[in-house]
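Residue numbers for the sequence shown follow this note's numbering, so the first one is 797 and each next one is one higher.
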Amino acid sequence: MTVWYEQKIEDLITGAPELSGIFQDYGLVPDNPALSLRAFLESLPEETYEDLGIDRSGLLEQIEGFIRQRHETLNSRLPPVNDITIIGGHDKSGKSEDMSLTLVRGSVTSIVGPTGSGKSRLLADIEWMAQRDTPTGRAILVNGEVPDPDLRFSLEYKLVAQLSQNMNFVMDTTVADFVALHAESRMIGNGAEVVGEIIAQANLLAGEQFKAETPVTSLS
């Protein structure tokens, strides 16, 4: 069996296109992609590693870690969400909420109410998959069942994606570039297509239309 770093650089990048970003970050441009990764790293002079502030084995470990993380991300199997049930707790005054509400995948539900009525708190309860452990005492069921505790605190498995009314961006970039950065961090292969789809969907939700080249700092 061929050790992974004995593979050709071009083959590694074909399997993991994001790997080229690591080479770019370190200012490394393989002149001969047909070389194995090991041969390429061994061909670099010690001065190069000194300038990079990392030795050969350290760089190899970083690349290996990236490939492993990418593999784990792409092969993770998170359960689909078909419906979410909100079991009532109590309101701000302590009055019992004798009700439950099931939101079905594909349906559209509007949450309306004056400022301070608890709209954001409801979204937070859903996002946190509350189990009678939030200020409202509500409980959330996913697909009719109590969610796995590991999923409750997972960084990947989130039930709520929302556009806040307070967009305090400090990045001087466009909407397209901002979404593309997120797509790259999630290792999405068809980044350009996904960015276009996200912007199109966001415009369906937003009250004021915006373009891909709109600066994020101008969004409200």
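Yeah, the Cβ is synthetic: ideal placement off N, Cα and C, and Gly gets one too.
Item                                                                                                : Value
For residue 896, the first and last residue of its enclosing beta strand (DSSP E)                   : 896-900
Opposing strand residues paired with residue 938 [DSSP bridges]                                     : 880 and 941
Host alpha helix (DSSP H) of residue 978 (start-end)                                                : 971-981
Whole-Å CB distance - residue 840 paired with residue 805, under 8 Å assumed                        : That belief does not hold up - the Cβ atoms of residue 840 and residue 805 are roughly 13 Å apart, past 8 Å.
Inter-stretch contact at 8 Å, needing at least 3 Cβ pairs: the region 936-944 / the region 914-928  : yes
Environment of residue 905 [buried if 16+ CB atoms lie within 10 Å]                                 : exposed
Selection from 845, 885, 819 and 868 that minimises the alpha carbon distance to residue 929        : 885
Same chain, Cβ closer than 7 Å to residue 797, neighbours up to 5 away in sequence not counted      : For residue 797, the predicted model reports a pLDDT of 43, less than 50, meaning its position is unreliable; a value from the coordinates is still stated below. No residues qualify anywhere along the chain.
Segments of 4+ residues assigned as alpha helix (DSSP H) that fall wholly inside the region 824-851 : 833-839 and 842-848
Whether residue 837 touches residue 855 by CB criterion (8 Å)                                       : yes
Start and end residues, alpha helix (DSSP H) containing residue 805                                 : 805-811
Status (buried if at least 16 other CB within 10 Å, exposed otherwise) for residue 825              : exposed
Continuous alpha helix (DSSP H) stretch holding residue 921: start and end                          : 915-923
Reduced DSSP secondary structure (H/G/I, E/B, other) of residue 950                                 : coil
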